[in-house]
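One structure is given here, and the rest of the page talks about it.
Number of protein chains: 2
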Amino acid sequence: MKPAADAKNDTSKRILDIAEQLLLTRGFNAFSYQHISSELGVRNAAIHYHFPKKTDLGVALIQRYRRRFQRFVDAQHTLAPQQQLERYFTLTDAYFEQDQQICPSGILTTEYQTLPAEMQAEANAFVDEMRDWAVRIAAAGRDDGSMHYAGTAEAMGLLMLAALQGGLQLARTDQSVLPALKLQIRALLGLATPLP
Amino acid sequence: MKPAADAKNDTSKRILDIAEQLLLTRGFNAFSYQHISSELGVRNAAIHYHFPKKTDLGVALIQRYRRRFQRFVDAQHTLAPQQQLERYFTLTDAYFEQDQQICPSGILTTEYQTLPAEMQAEANAFVDEMRDWAVRIAAAGRDDGSMHYAGTAEAMGLLMLAALQGGLQLARTDQSVLPALKLQIRALLGLATPLP
DNA sequence: GACACCTTACTAACCAGTAAGTAGAGTTTC
DNA sequence: GAAACTCTACTTACTGGTTAGTAAGGTGTC
């Protein structure tokens with residue numbers, strides 16, 4: 001048995017969970033170790049024990065996102081393209097419903113210029129992966145005949161990603177944004193009503 | 001003659017100019033009065049003389065944007081819809097080319113939860129105005145037969161706004177984003193090559 | 001002398017980060 | 001099997017820097 005290691009992992013995970021919530025609602029520059037430690041019920045220095053520098057915490061957060069996103073993608077590579085798109089919409093809705101969070105790529109690219117180089121590198125990789133995935137959906141949908149749109153799959157995937165990223169942010173000022181955007185993306189892809 | 005008033009206006013304007021640059025590159029939470037005062041060559045308290053609270057500066061910034069955007073819209077209400085769209089693209093490019101700035105609505109909605117209530121209210125109004133304008137372009141383009149797209153003009157305008165907002169942010173990780181996005185929006189509107 | 005526009009000098013709060021110490025659980029050594 | 005140790009996961013206490021914001025004073029212009 002390794003209760004010590006379990007406890008360590010548990011605290012680290014809880015730190016990451018709280019930091020993730022703060023990142024997606026307030027941004028990396030607008031939360032501090034105090035926010036985390038008071039929420040967690042420990043002292044400030046305890047956070048530094050697990051993540052010595054704030055940069056370490058930021059990098060760990062993005063790396064966790066990347067792993068999670070990879071699992072998300074892998075888990076549904078057998079689904080039809082339009083079902084994958086609907087899953088992506090559901091994911092987007094889930095962000096918004098949880099305290100009007102925005103997507104990680106949105107906060108990371110917006111604060112990009114103020115982030116340490118290690119975080120910028122991780123953010124670049126993360127954005128690339130998300131973009132590739134959106135492009136694959138658009139390409140597969142065209143290939144299997146379920147989606148019909150003008151332009152290239154590369155540009156269409158990019159547009160969907162950019163629109164949802166911007167849409168999650170705009171939704172904070174008007175909650176009707178996301179439903180309208182989803183409808184419009186479906187319309188532009190020549191999709192009818194969403195699948196159940 | 002009013003040299004005193006001119007000097008005041010001039011300094012206030014320069015403060016706003018520097019603050020605007022900082023807002024669009026770093027965000028509201030990631031710049032301080034020190035950044036402005038050192039750039040301007042004055043002491044910290046001089047900024048507080050013109051804008052007592054940082055909130056005052058933030059509100060003044062958004063109000064200036066709103067006035068500027070209104071002039072931008074008014075100045076080209078006689079242009080054809082697709083020419084107005086191209087002007088909007090040009091505006092977007094100009095932001096990016098100036099130190100990879102993002103659009104004001106992007107930073108304001110991303111940092112929304114951390115902004116003082118006065119700034120949130122101004123941001124709401126600003127976003128509404130931008131959204132209305134994008135929708136009017138989509139509607140006018142459909143009405144005059146120059147644009148052809150699926151879905152409503154409301155949703156299409158919103159999608160263009162959201163995509164360009166997200167696109168300006170994503171462009172920081174890959175400069176090919178904006179050109180691809182512009183091409184795709186034109187394609188989705190049934191527009192051919194951009195007008196000169 | 002009143003006013004606009006600054007300065008110096010300061011406060012209190014917050015920030016990331018560090019150093020040194022401690023409690024407890026597990027491991028080693030004799 | 002008990003004393004000695006080591007390790008994890010913290011704590012207290014602190015540093016130096018930055019933050020927004022204020023108070024009081026100076027200087028030039030009308």
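Chains as they are written, first to last, in the UniProt record's numbering: chain A, 1 to 196; chain D, 1 to 196. Don't be surprised by glycine CBs; every beta carbon is placed ideally from N, CA and C.
*Out of H50/D, P81/D, F28/D and E39/D, point me to the one whose CA is closest to G58/D's CA.*
F28/D
*Residues of the UniProt domain "HTH tetR-type" (9-69) of chain D whose Cβ lies closer than 7 Å to any Cβ of chain A, in chain order*: So the close ones are T25, R26, G27, N29 and A30.
_Supposed contact pair I185/A and F126/A - C-beta distance, whole angstroms, cut 8 Å_ = The distance from the Cβ of F126/A to that of I185/A is about 22 Å, inconsistent with a contact at the 8 Å cut-off.
*asked:* Assuming contact is defined by CB atoms lying nearer than 8 Å, are I102/D and Y112/D in contact in what I supplied?
replied: In this structure, Y112/D does not lie closer than 8 Å to I102/D by Cβ.
*Can you name the residues of chain D whose CB is closer than 8 Å to the CB of V177/A?*
What V177/A touches in chain D, judged by beta-carbon distance under 8 Å, is L158 and A162, going in chain order.
_Considering only their Cβ atoms, is the gap separating A180/A from G157/A smaller than 8 Å?_
no
*For L188/A, go through chain D and note every residue whose CB falls closer than 8 Å to its CB, in chain order.*
Y149, A150, G151, L159 and L188
*Neighbour-count burial assignment, G43/D, 16 or more Cβ in a 10 Å radius*: First, the amino acid is wrong: residue 43/D is Arg here, not Gly. Under this definition R43/D is an exposed residue.
*Give the secondary structure of M147/D by DSSP, where H, G and I count as helix, E and B as strand, and everything else as coil.*
coil
*Rounded to a whole number of angstroms, what is the C-alpha to C-alpha distance between D99/A and S105/A?*
Cα to Cα, the separation comes out at about 17 Å.
*Reducing DSSP to helix, strand and coil, say where S32/D ends up.*
coil
*Should P3/D go down as buried or exposed, given a rule of 16 or more other Cβ atoms within 10 Å for buried?*
Low confidence applies to P3/D: its pLDDT is 37, below 50, so where it sits in the model is not reliable, and the reading given next is rough at best. Under this definition P3/D is an exposed residue.
*If you count every other CB in all the chains shown that lies within 10 Å of the CB of Q76/A, and 16 or more means buried, which is it?*
Exposed: under 16 other Cβ atoms inside 10 Å.
*Is Y112/D close to chain A, meaning its C-beta is less than 8 Å from at least one C-beta of that chain?*
yes
_If you measure between the beta carbons of T109/A and T90/D, is that distance less than 8 Å?_
Going by C-beta atoms, T109/A is not nearer than 8 Å to T90/D.
*Shortest alpha-carbon distance to D10/A belongs to which of G166/A, G190/A and I47/A?*
I47/A
_Measuring alpha carbon to alpha carbon, tell me which residue in K182/D, R131/D and D56/D is nearest E118/D._
D56/D
*asked:* Can you list, in chain order, the residues of its chain with a C-beta nearer than 7 Å to that of Q34/A? Leave out the 5 residues immediately preceding and following it.
replied: N44
*asked:* Suppose the cutoff is 7 Å on Cβ atoms and the five residues either side in sequence are ignored; what does the same chain contact list for T114/A look like?
replied: N29
*Is any beta-carbon of chain A found at less than 8 Å from that of I137/D?*
no
*Anyone know if the C-beta pair for G190/A and A187/D falls short of 8 Å?*
no
*Just the chain A side, please: which residues come within less than 8 Å of T78/D by C-beta, in chain order?*
Simply none; closest approach about 28 Å.
*Compute the minimum distance between the beta carbon of H35/D and the heavy atoms of the ligand SAM, and state whether it is under 7 Å.*
Among the components of this structure there are no ligands whatsoever, and the ligand SAM is therefore not found.
*How would you label P81/A, buried or exposed, when you count the other beta carbons within 10 angstroms and need 16 or more for buried?*
buried
*If we cut at 8 Å on Cβ distances, does A180/D have a partner in chain A?*
yes
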